[in-house]
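Student: Okay, so the sequence shown: first residue is 11 according to our numbering, each after it adds one. All C-beta atoms, glycine included, are put in the ideal place defined by N, C-alpha and C. Here it is: the structure, laid out below.
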Amino acid sequence: MQSSSSTSSLSFNRIVVCGVGLIGGSFALALKQAGVVKQIVGLGRRRETLQRAQSLGIIDTMGDASAVAGADLVLIAAPVAQTEALLRELAPYLQVGTVVTDAGSTKSDVVQAARAALGDKIAQFVPGHPIAGREQNGPEAALADLYRGKKVVITALPENNPNDIAKVASAWQHCGALIHHLSAEEHDAIFAAVSHLPHMLAYALVSDIASRDNADRLFQYAASGFRDFTRIAGSSPEMWRDISLANRHALLAELDAYTAQLASLRAMLINADGAGLEQIYARAQSARQAWIATIEAAEQARAHDQGGD
Numbered sequence: 011m012q013s014s015s016s017t018s019s020l021s022f023n024r025i026v027v028c029g030v031g032l033i034g035g036s037f038a039l040a041l042k043q044a045g046v047v048k049q050i051v052g053l054g055r056r057r058e059t060l061q062r063a064q065s066l067g068i069i070d071t072m073g074d075a076s077a078v079a080g081a082d083l084v085l086i087a088a089p090v091a092q093t094e095a096l097l098r099e100l101a102p103y104l105q106v107g108t109v110v111t112d113a114g115s116t117k118s119d120v121v122q123a124a125r126a127a128l129g130d131k132i133a134q135f136v137p138g139h140p141i142a143g144r145e146q147n148g149p150e151a152a153l154a155d156l157y158r159g160k161k162v163v164i165t166a167l168p169e170n171n172p173n174d175i176a177k178v179a180s181a182w183q184h185c186g187a188l189i190h191h192l193s194a195e196e197h198d199a200i201f202a203a204v205s206h207l208p209h210m211l212a213y214a215l216v217s218d219i220a221s222r223d224n225a226d227r228l229f230q231y232a233a234s235g236f237r238d239f240t241r242i243a244g245s246s247p248e249m250w251r252d253i254s255l256a257n258r259h260a261l262l263a264e265l266d267a268y269t270a271q272l273a274s275l276r277a278m279l280i281n282a283d284g285a286g287l288e289q290i291y292a293r294a295q296s297a298r299q300a301w302i303a304t305i306e307a308a309e310q311a312r313a314h315d316q317g318g319d
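Right under this line is the structure:
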């Protein structure tokens, strides 16, 4: 995996954002704050959502598919299941010089959809995935600094021109993001383990508690541990439905591995195997502490760099 934190000097005349909620809206706000884009046009399914985005200063104007004609960059920030239909709608207006990217949490299915929708224009599509988010949705949730210090994974295609990859990287770097590169297959296998499975587990636990006859009483006593563990269950059900299905093969493998771990823990409980439980807990604690230390060191290094020392 390669990474970069330098910000390119590229600027943009017009950027089209398809989906002006948390992800697309934050992208637009960050580029506006950086002063590197002259106009941002918003596209979406609901006019009222676009109107809210415009009133919040996220986009400059609303448009339709024809708005991509002559645009420098197009971001698809919609649920992954909508990718192929959106690209088919945009394809007739896609001119030479316009680069399309996406923000989908799965990549192999998005690449397949793009190939089907764009045909011989596939070289103009550079897949991407910003590793950032929050539980809130809609234009009101957008933050100009959402991507600052966060990773953006680009899963470039063999057909992509290096200059087009650089254009996409530049846009995200202007948002304050760090660029990483993976293949689509590597991306999906990694994120099935560290993102998609945790979301499924959080949803499953909250759903299980909510379905019980004494759910109100259980939630009454749920405290910070439950809140922290289940925070991501507040995310968009539509989005995570699409992600789960799109990456189901890798996710099934991770779910099987986790089920085996749970079975092992269950056997330890049956056998009152305290030593075995403590060994697993200690290994997990050590791994998490090392991971947090790595994150904190990286954040300190970024703060040092931004201080100009």
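With distances taken between CB atoms, is the gap from Ile175 to Val162 smaller than 8 Å?
Tutor: Locating residue 175 in the sequence shown gives position 165, counting from the first residue. Locating residue 162 in the sequence shown gives position 152, counting from the first residue. The answer is no: Cβ separation not under 8 Å.
Student: Three Cβ pairs or more, each shorter than 8 Å: is that satisfied between the segment 146-159 and the segment 112-131?
Tutor: no
Student: Below 6 Å CB to CB, which residues in the same chain sit around Ala199 once its five sequence neighbours on both sides are set aside?
Tutor: Position 189 of the sequence shown, counted from the start, is the residue given in the question as residue 199. Excluding residues within five positions, the ones whose Cβ falls inside 6 Å are Ala260.
Student: Apart from the five residues on each side of it in sequence, which residues of its chain come closer than 8 Å, Cβ to Cβ, to Pro137?
Tutor: As a first step, residue 137 is located in the sequence shown; it is residue number 127 there, counting from the start. These residues qualify, in order along the chain: Thr111, Asp112, Gly114, Lys117, Val120, Val121, Ala124, Ile164, Thr165, Ala166, Leu167, Ala194.
Student: Out of Ser296, Arg62, Thr93, which one is the CA nearest neighbour of Phe135?
Tutor: If you number the sequence shown from 1, residue 135 lands on position 125. Check the Cα spacing between Phe135 and each of Ser296, Arg62, Thr93: the tightest is with Thr93.
Student: Can you pull the DSSP bridge partners for Gln9?
Tutor: There is no way to answer for residue 9, as the model of the chain reaches only from 11 to 319.
Student: What number of angstroms, rounded off, separates the C-alpha of Met278 from the C-alpha of Arg258?
Tutor: For this step, residue 278 is matched to residue 268 along the sequence shown. For this step, residue 258 is matched to residue 248 along the sequence shown. Taking the straight line joining both Cα atoms gives about 30 Å.
Student: To the nearest angstrom, how far is the alpha carbon of Ala44 from that of His184?
Tutor: In the sequence shown, counting from the first residue as 1, residue 44 sits at position 34. In the sequence shown, counting from the first residue as 1, residue 184 sits at position 174. Their backbone Cα atoms lie some 6 Å apart in a straight line.
Student: Are three or more beta carbon pairs between the segment 59-78 and the segment 212-227 nearer than 8 Å?
Tutor: At 8 Å Cβ cutoff, the stretches do not touch.
Student: Compare the C-alpha of Pro149 against each of Ala273, Thr269, Ala297, Leu66 and name the closest.
Tutor: Position 139 of the sequence shown, counting from 1, holds the residue named residue 149. It is Leu66 whose Cα lies nearest to the Cα of Pro149.
Student: Which one of Glu309, Ser254, Ser21 has the shortest CA to CA distance from Ser205?
Tutor: For this step, residue 205 is matched to residue 195 along the sequence shown. The option with the nearest alpha carbon to Ser205 is Ser254.
Student: Consult DSSP for Asp252 and reduce its assignment to one of helix, strand or coil.
Tutor: Counted from its first residue, the sequence shown places residue 252 at position 242. Reduced to three states, the DSSP call for Asp252 is helix.
Student: Considering only C-alpha positions, which residue in the set Arg57, Leu20, Leu41 is nearest to Gly29?
Tutor: Sequence index remark: in the sequence shown, residue 29 carries index 19 (1-based). Nearest C-alpha to Gly29: Arg57.
Student: Quick one: is Tyr213 buried, meaning 16 or more other Cβ sit within 10 Å of its Cβ, or exposed?
Tutor: One-based indexing of the sequence shown puts residue 213 at position 203. The residue in question, Tyr213, is buried, as its Cβ has 16 or more Cβ neighbours within 10 Å.
Student: When you compare only the Cα positions, how much space is there between Ile25 and Gln49?
Tutor: To locate residue 25, count along the sequence shown from 1; it is residue 15. To locate residue 49, count along the sequence shown from 1; it is residue 39. Looking at the two C-alpha atoms, the distance is approximately 6 Å.
Student: In this structure, does DSSP put Asp218 in helix, strand or coil?
Tutor: Position 208 of the sequence shown, counting from 1, holds the residue named residue 218. Helix.
Student: Identify whether Ile132 lies in helix, strand or coil by the three-state DSSP scheme.
Tutor: Residue numbering aside, residue 132 sits at position 122 when the sequence shown is read from its first letter. Note: Ile132 maps to helix in three-state DSSP.
Student: In its own chain, which residues sit with a C-beta less than 8 Å from the C-beta of Leu41, not counting the 5 before and 5 after it?
Tutor: Here the question's residue 41 lines up with position 31 in the sequence shown. So the qualifying residues of the chain are Phe22, Ile25, Val47, Ile50, Ala181, His184, Cys185.
Student: Helix, strand or coil: how does DSSP classify Glu309 here?
Tutor: Sequence index remark: in the sequence shown, residue 309 carries index 299 (1-based). It is helical.
Student: Quick one, are the C-beta atoms of Ile189 and Ala179 less than 8 Å apart?
Tutor: Position 179 of the sequence shown holds residue 189. Position 169 of the sequence shown holds residue 179. Yes.
Student: Bridge partners for Leu85 per DSSP, in chain order?
Tutor: Counted from its first residue, the sequence shown places residue 85 at position 75. For Leu85, which the question treats as bridged, DSSP gives the partners Val27, Thr111.
Student: Rounded to a whole number of angstroms, what is the C-alpha to C-alpha distance between Lys177 and Leu83?
Tutor: Sequence index remark: in the sequence shown, residue 177 carries index 167 (1-based). Sequence index remark: in the sequence shown, residue 83 carries index 73 (1-based). Note on geometry: alpha-carbon atoms of Lys177 and Leu83 lie some 8 Å from one another.
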